[in-house]
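To start, the structure itself, in structure tokens.
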Amino acid sequence: MPLAMDGLWLGVRLLLLLTLANFSPIVARRFLGERWAAPLDGGLYWPDGRPLLGPSKTWRGLFAAVAAGALGAPLLGFPFEVGALAGAASMAGDALASFAKRRLGIASSGRAFVLDQLPESLLPLLVLQPVLHLPLVVVAGVSLAFVLLEPPAAKLAYRLGWRETPY
């Protein structure tokens, strides 16, 4: 396979892995309801009086992302450890975005285009870059694709009744 096609195929596989990791907390909530929904931040507040992360960042979601990444990675040609790492780093990026949104005064589950997508795609790709020897063009391309494709995917999930909000 030519080098450009190798990079494209790698990017598609990484995009699917990130999508799987990021969508799994929504699926877990749908099937588990409020079970194991303890907030990652333990309900703590920052000195600005706002929640550290908010109630939508849960241990259930973190475990779902790590498990889904680990189980899905081999189907995409990656070791399960890479999938688990991608899931964990994706949720770390999501938590970082939530922290930033709370500091900006955006409510939990509030909308912030790019801030909602970029950390949960870029952080795992940067973590995986030395592990998978990812070219930076693949990191940038997959991050951009995730930022652009996540909003319409979220709207579709909302229409299907899988998400509570269309964003």
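Residue numbers (the numbering used here): 126 to 292.
The beta carbon of each residue, even a glycine, is placed where N, CA and C say it ideally should be.
Just so you know, these numbers come straight off a predicted model, no measurement behind them.
For P204, the three-state secondary structure derived from DSSP is coil.
S149 places its beta carbon less than 9 Å from that of A193. Assignment of beta-bridge partners to P164 by DSSP yields T183.
With 16 or more neighbouring CB atoms inside 10 Å of its own CB, R227 falls in the buried class.
By the neighbour-count criterion, in which 16 or more other beta carbons inside 10 Å mark a residue as buried, A195 falls on the buried side. Closest option to V207, judged by alpha-carbon separation, among G235, A190, L253: L253. Counting C-beta atoms within 10 angstroms of its own C-beta, L143 has 16 or more neighbours from the protein chains shown and is therefore classed as buried.
DSSP places P172 in no alpha helix (DSSP H); its state is neither H nor E. For E245, the enclosing alpha helix (DSSP H) has its first and last residue at 243 to 257. Assignment of V239 by DSSP, reduced to helix, strand and coil, places it in the coil class.
Taking a C-beta distance under 9 Å as the contact criterion, A237 and I151 do not qualify as a contact pair. In this structure, the beta-carbon distance from L141 to G197 falls below 9 Å. The Cβ atoms of S223 and L248 do not sit closer than 9 Å to each other. The residue from A225, G186, R288 with its alpha-carbon nearest to that of L177 is A225. In the structure shown, R288 falls within a coil segment according to DSSP collapsed to helix, strand and coil.
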